[in-house]
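Below: the structure, in structure tokens.
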Amino acid sequence: MNSHRVAAAATAAIAIVLFALTFGFEQMPEGITRGFGAEVFPRLVLGMIVVLSVFLFITSPMGAALERIPPMVYYSAAALLLFMALAPLAGMLPAMLVFLLGLGWLWGERRAWLLALSALLLTALIWAVFVRGFGVQLPQGYFF
Amino acid sequence: MEAFLAGMALLLDPKILLVVFAGTLIGIIVGALPGISGSTTTALLLPFTISMGPVPAIAFLGAIYCAANFGGSITAILVNSPGDPSASATAFDGYPMARRGEAGRALGISAVASAFGGIFSVIVLIIAAPLLARVAYSFGPPEYFALAVFGLSMVAMTGGDSMLKNLIAGGFGVWLATVGQDLTTGVERYTFGLHSFTNGIEFIPVLIGLFALTELLEQAAQLRNRVEVAKLGAVRLPSWQDIRDCSKAIWLSSGLGTFIGILPALGATTAAMIAYVETRRWSKNKAQFGKGAIEGVAGPEAANNAAVGGAMVPTLALGIPGSTTTAIILAGLIVQGVRPGPHLFTEQPLLLYAVFSSMLLANLLYLVLGLGFAKVFARISLIPAPLLWPAVLVLSVIGAYAPNQSMAEVWVAIAFGFIGFFMRRYGFSPAPLVIGLVLGRMVEETLKQSLLIFDLSWGGFLGRPIAMTLFALTALFLLVPWALQRLRARP
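Line order of the protein sequences matches chains A and B. Using numbering that gives the first Met the number 0, read the first sequence as starting at 0 and increasing by one per residue. Using numbering that gives the first Met the number 0, read the second sequence as starting at 0 and increasing by one per residue.
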């Protein structure tokens with residue numbers, strides 16, 4: 000199956016699941032809904048998405064399969080998720096510092112002094128502007 | 000006139016002057032960074048405008064919007080890698096000019112054409128927006144519903160690799176606007192018991208995810224690409240002969256760009272591409288195009304900057320975004336508690352005229368900055384990706400977190416970063432989704448109100464000529480390009 004059809008099948012499937020979820024919405028008396036319940040509009044929109052997806056599936060020309068996602072995308076996504084896991088534990092600012100150093104290294108920057116300098120400067124800037132300037136309370140973590 | 004003068008007087012306020020200057024400078028810098036577009040920047044910086052108040056906030060975002068298009072041309076000319084998608088057409092002739100040692104001349108005409116196009120369109124905005132608002136002042140819910148549907152139909156031509164995919168993405172954007180408590184009945188929709196979703200999905204994390212985080216993953220996929228930088232001679236003003244040679248292209252493209260910008264959902268990139276084709280068509284030097292024709296730089300640059308003012312016309316007068324970036328600016332205004340539309344012209348004229356005058360100032364500022372510091376801005380494009388993109392990500396995280404100081408919103412941003420990456424991979428542009436999200440609530444509310452007026456009968460729309468005209472236009476805009484596409488595809 001070509002990528003257009005995969006996309007069409009995926010969007011139709013998502014829309015159908017979301018449509019099905021509308022049956023779980025709380026039902027209100029007619030006097031409150033005045034004939035236009037909370038489920039009507041989402042159903043209308045999702046129904047149209049299903050129709051458009053079917054149309055896309057039928058009319059899509061045959062196309063080549065997509066290229067594989069380069070491994071660096073997975074590594075970068077994993078680094079992002081690691082950062083999210085680390086932020087509540089170690090605190091947002093230390094997690095940022097680690098992330099800036101780690102992702103920079105992963106993406107090929109080998110000048111350690113440049114990496115360290117830019118990571119430290121940016122983290123300090125964020126602390127100065129957001130924590131000191133705007134009074135934003137960043138997650139502190141368990142260690143600070 | 001009084002309101003306009005009062006708006007101009009606001010520019011004497013040092014705070015406004017500072018935000019316009021900062022917005023222009025940031026706009027040029029990020030415009031010059033390949034991969035970071037004006038829409039990414041406005042999405043990224045939106046959270047920082049919350050504490051500014053409506054006038055400085057929109058002046059700041061408007062200045063970024065104006066300047067990013069120009070900034071994009073710097074790397075398009077020097078590196079053959081447009082910093083902003085709207086500068087793609089500029090690279091066709093700008094880079095060949097730079098390669099033969101005329102980078103300064105190309106940057107000079109780009110700055111002059113951009114400023115002319117930008118100022119031309121702001122003048123049109125000042126005249127057209129109040130007129131359009133006056134027409135729209137008599138609109139009721141049915142007309143607004145028809146207008147919003149028309150705006151949504153225009154997403155069919157925004158980004159993406161097919162009209163159908165754009166419409167599907169726009170549909171999901173409208174659906175996303177239904178998440179949270181239904182305003183009429185109080186019923187919670189798609190909140191999955193999460194308190195953070197009760198008031199709906201916040202715009203800021205969605206925008207940051209779809210633009211900034213998606214771009215990070217896209218950049219990770221293209222790390223091996225390297226660019227060749229052309230040598231930059233002294234940046235100088237174009238000669239009178241250059242300006243004479245380009246005047247027709249600049250006038251034509253400024254008009255075209257403004258008109259295309261006014262059409263909902265079509266933005267600077269489309270304007271620049273069409274202007275390039277039209278400039279070539281009307282030029283006496285057709286053969287030079289693609290090899291370094293100076294008109295080939297002037298035309299698209301005048302058009303993409305003219306589209307900025309044009310796109311602000313429906314955004315401010317009707318509350319219908321004229322482009323992806325104006326959809327983000329619209330979201331910024333909503334976050335500030337300001338709902339753009341015709342009533343703004345009577346209720347908050349000062350806000351509007353402050354926007355107009357700050358946009359005029361931004362256009363003049365980037366002309367000066369562009370000519371004076373293009374060499375410096377060009378260096379920015381050389382910041383290594385391993386330093387730049389992790390920094391963008393960290394700023395994205397802070398941007399998503401800061402408004403409500405909530406990690407849940409950072410997770411929303413990351414989720415939309417992944418969604419945006421897969422959308423792009425499968426040929427869906429995130430732009431229609433954003434426009435759908437911004438317009439979604441208006442579509443639902445006006446449809447509900449219309450059906451209540453019509454006693455739940457859809458036939459009621461038949462008695463509203465303006466609404467019917469807008470529906471007819473919607474059908475026309477959807478069917479004509481589709482029919483033409485099918486006809487061309489026939490052997």
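Every residue, glycine too, gets a C-beta built ideally from N, C-alpha and C.
Discussion item. If you follow the alpha helix (DSSP H) that B:S246 is in, where does it begin and where does it stop?
Written reply: For the purposes of this step, residue 246 of chain B is taken as the residue at position 247 of the second sequence. Element bounds for B:S246: W239 to I261.
Worksheet item: Residues of chain A with CB under 7 Å from B:R424, in chain order?
Response: Residue 424 of chain B sits at position 425 when you count from the first residue of the second sequence. Chain A residues near B:R424: L65.
Worksheet entry | B:Q335 in three-state terms, based on DSSP | Mapped onto the second sequence, residue 335 of chain B falls at position 336. Residue state, collapsed to three classes: coil.
Discussion item. Which residue marks the beginning of the alpha helix (DSSP H) containing A:S26, and which one marks its end?
Written reply: Sequence index remark: in the first sequence, residue 26 of chain A carries index 27 (1-based). In the sequence as presented, Ser is not what sits at residue 26 of chain A; that position holds Gln. Element bounds for A:Q26: n/a, residue is neither H nor E.
Worksheet item: What in chain A is Cβ-close to B:A220, meaning under 8 Å?
Response: Against the second sequence, residue 220 of chain B aligns to sequence position 221. Neighbours of B:A220 on chain A, chain order: I68, P69, M71 and V72.
Fill in: When A:L92, A:A12 and A:G107 are compared against B:L386, the one with the closest alpha-carbon
Along the second sequence, one-based indexing puts residue 386 of chain B at 387. Here the closest residue by C-alpha is A:G107.
Discussion item. Counting C-beta neighbours from all protein chains within 10 Å, is the total for B:A330 16 or more, i.e. buried, or is it exposed?
Written reply: The residue you call residue 330 of chain B lines up with position 331 of the second sequence. Buried: at least 16 other Cβ atoms inside 10 Å.
Worksheet item: Can you round the beta-carbon distance between B:P53 and B:V337 to whole angstroms, since I take them to be within the 8 Å contact cut?
Response: Along the second sequence, read from residue 1 onward, the residue named residue 53 of chain B stands at position 54. Along the second sequence, read from residue 1 onward, the residue named residue 337 of chain B stands at position 338. Contact holds; Cβ gap of about 5 Å.
Item to complete: Tell me whether B:R188 sits in a helix, a strand or coil according to DSSP, three-state version.
Response: Within the second sequence, numbered from 1, the residue matching residue 188 of chain B stands at position 189. In this structure, B:R188 counts as strand in the three-state DSSP scheme.
Worksheet item: Any Cβ of chain A within less than 8 Å of the Cβ of B:G170?
Response: If you number the second sequence from 1, residue 170 of chain B lands on position 171. By this cut-off, B:G170 is an interface position.
Fill in: Residue environment, B:Y365, which counts as buried when at least 16 other CB atoms sit within 10 Å
Within the second sequence, numbered from 1, the residue matching residue 365 of chain B stands at position 366. With 16 or more other Cβ atoms within 10 Å, it is buried.
Item to complete: Indicate the three-state DSSP secondary structure (helix, strand or coil) for B:Q180 in the structure shown.
Response: As a first step, residue 180 of chain B is located in the second sequence; it is residue number 181 there, counting from the start. The answer is strand: DSSP assigns B:Q180 an E or B state.
Practice prompt. Give the straight-line distance between the Cα atoms of B:W410 and A:A127, rounded to the nearest whole angstrom.
Written response: For the purposes of this step, residue 410 of chain B is taken as the residue at position 411 of the second sequence. For the purposes of this step, residue 127 of chain A is taken as the residue at position 128 of the first sequence. Roughly 24 Å separates the two Cα atoms.
Discussion item. Assuming the contact rule is C-beta atoms closer than 8 Å, B:A147 and B:L438 should be a hit. Round their C-beta distance to whole Å, please.
Written reply: The residue labelled residue 147 of chain B in the question sits at position 148 within the second sequence. The residue labelled residue 438 of chain B in the question sits at position 439 within the second sequence. Sure, about 5 Å apart at Cβ, within 8 Å.
Practice prompt. Taking C-beta pairs closer than 9 Å, name the residues in chain B that A:I125 reaches, listed in chain order.
Written response: On the first sequence, residue 125 of chain A is found 126 positions in, with the first residue counted as 1. What A:I125 touches in chain B: V393, L394 and I397.
Discussion item. Among B:L262, B:H194 and B:G30, whose alpha-carbon lies nearest the alpha-carbon of B:G369?
Written reply: Start at 1 with the first residue of the second sequence, and residue 369 of chain B comes out as number 370. Out of B:L262, B:H194 and B:G30, B:G30 has the C-alpha closest to the C-alpha of B:G369.
Fill in: C-beta atoms of B:A274 and B:L255 nearer than 8 Å
Sequence index remark: in the second sequence, residue 274 of chain B carries index 275 (1-based). Sequence index remark: in the second sequence, residue 255 of chain B carries index 256 (1-based). It is a contact, given that the beta carbons lie within the stated cut-off.
Worksheet item: Do B:A67 and B:G37 come within 8 Å of each other at the CB atom, strictly closer than that value?
Response: For the purposes of this step, residue 37 of chain B is identified with residue 38 of the second sequence, where counting begins at 1. For the purposes of this step, residue 67 of chain B is identified with residue 68 of the second sequence, where counting begins at 1. In this structure, B:A67 lies closer than 8 Å to B:G37 by Cβ.
Worksheet item: Name the chain B residues whose beta carbon is nearer than 7 Å to that of A:G34?
Response: Taking the first sequence and counting its residues from 1, one reaches residue 34 of chain A at position 35. Chain B residues near A:G34: L455.
Fill in: Option in B:L455, B:A155, B:T23 and B:I49 with minimal Cα separation from B:G398
Numbered from 1 along the second sequence, position 399 holds the residue referred to as residue 398 of chain B. B:G398 has its Cα closest to that of B:I49, out of B:L455, B:A155, B:T23 and B:I49.
Worksheet item: Does B:F138 have its Cβ less than 8 Å from a Cβ in chain A?
Response: In the second sequence, residue 138 of chain B corresponds to position 139, counting from 1. Not one chain A Cβ lies under 8 Å of B:F138.
Worksheet entry | Straight-line Cα distance separating B:I207 from B:D454 | Counted from its first residue, the second sequence places residue 454 of chain B at position 455. Counted from its first residue, the second sequence places residue 207 of chain B at position 208. So the alpha carbons of these two residues sit roughly 41 Å apart.
Practice prompt. Use the C-beta contact count for A:V84: other C-beta atoms within 10 angstroms, 16 or more gives buried, fewer gives exposed.
Written response: Stepping through the first sequence from its first residue, residue 84 of chain A is reached at position 85. A small fix is needed here, since residue 84 of chain A is Ala in this sequence, not Val. Counting Cβ neighbours within 10 Å, A:A84 comes out exposed, since fewer than 16 surround it.
Worksheet entry | Burial state of B:V393, where buried means 16 or more other Cβ atoms lie within 10 Å | Reading the second sequence from its first residue, position 394 is the one you call residue 393 of chain B. Buried, because 16 or more other Cβ atoms sit within 10 Å of the Cβ of B:V393.
Fill in: Own chain, CB closer than 7 Å to B:M358, minus 5 neighbours either side, in chain order
If you number the second sequence from 1, residue 358 of chain B lands on position 359. Excluding residues within five positions, the ones whose Cβ falls inside 7 Å are G61, C65, V121 and G308.
Discussion item. Here's the rule I'm using: 16 or more other beta-carbon atoms within 10 Å means buried, otherwise exposed. How should A:H3 be labelled?
Written reply: The residue labelled residue 3 of chain A in the question sits at position 4 within the first sequence. Buried: at least 16 other Cβ atoms inside 10 Å.
Fill in: 4-residue-minimum alpha helix (DSSP H) runs that sit fully inside the region 311-398 of chain B, ordered along the chain
323-334, 342-346 and 348-379
Worksheet item: Which residue comes first and which comes last in the alpha helix (DSSP H) that contains A:M71?
Response: For the purposes of this step, residue 71 of chain A is identified with residue 72 of the first sequence, where counting begins at 1. Note, A:M71: alpha helix (DSSP H), P70 to A89.
Worksheet item: Based on Cα-Cα distance, which residue from B:D181, B:E142 and B:A482 lies nearest to A:F40?
Response: Locating residue 40 of chain A in the first sequence gives position 41, where the first residue counts as 1. That would be B:D181, whose Cα lies nearest to the Cα of A:F40.
Fill in: Coarse secondary structure for B:F287, derived from DSSP in three states
Walking along the second sequence from the start, residue 287 of chain B turns up at place 288. Rather than Phe, the amino acid found at residue 287 of chain B in this sequence is Gln. If DSSP states are grouped into helix, strand and coil, B:Q287 belongs with the helices.
Discussion item. Once the 5 residues before and after B:I559 are set aside, which same chain residues still bring their CB inside 8 Å of it?
Written reply: In the structure as shown, chain B starts at 0 and stops at 490, and residue 559 of chain B therefore has no counterpart that could be examined.
Worksheet item: Considering only residues of the same chain and omitting the five flanking positions on each side of A:L121, which have a CB-CB separation below 8 Å?
Response: Within the first sequence, the letter at position 122 stands for residue 121 of chain A. Once the five neighbours on either side are set aside, the close Cβ partners of A:L121 are M95 and L99.
Item to complete: Confirm, please, whether the CB-CB distance from B:L43 to B:S395 is below 8 Å.
Response: Against the second sequence, residue 395 of chain B aligns to sequence position 396. Against the second sequence, residue 43 of chain B aligns to sequence position 44. It is a contact, given that the beta carbons lie within the stated cut-off.
Item to complete: Please classify B:F119: is it buried, with 16 or more other beta-carbons within 10 angstroms of its beta-carbon, or exposed?
Response: Residue mapping note: residue 119 of chain B aligns to position 120 of the second sequence, counting from 1. It counts as buried.
Discussion item. Among B:R279, B:G459 and B:F144, whose alpha-carbon lies nearest the alpha-carbon of B:T473?
Written reply: Residue 473 of chain B sits at position 474 when you count from the first residue of the second sequence. The shortest C-alpha separation from B:T473 is found at B:F144.
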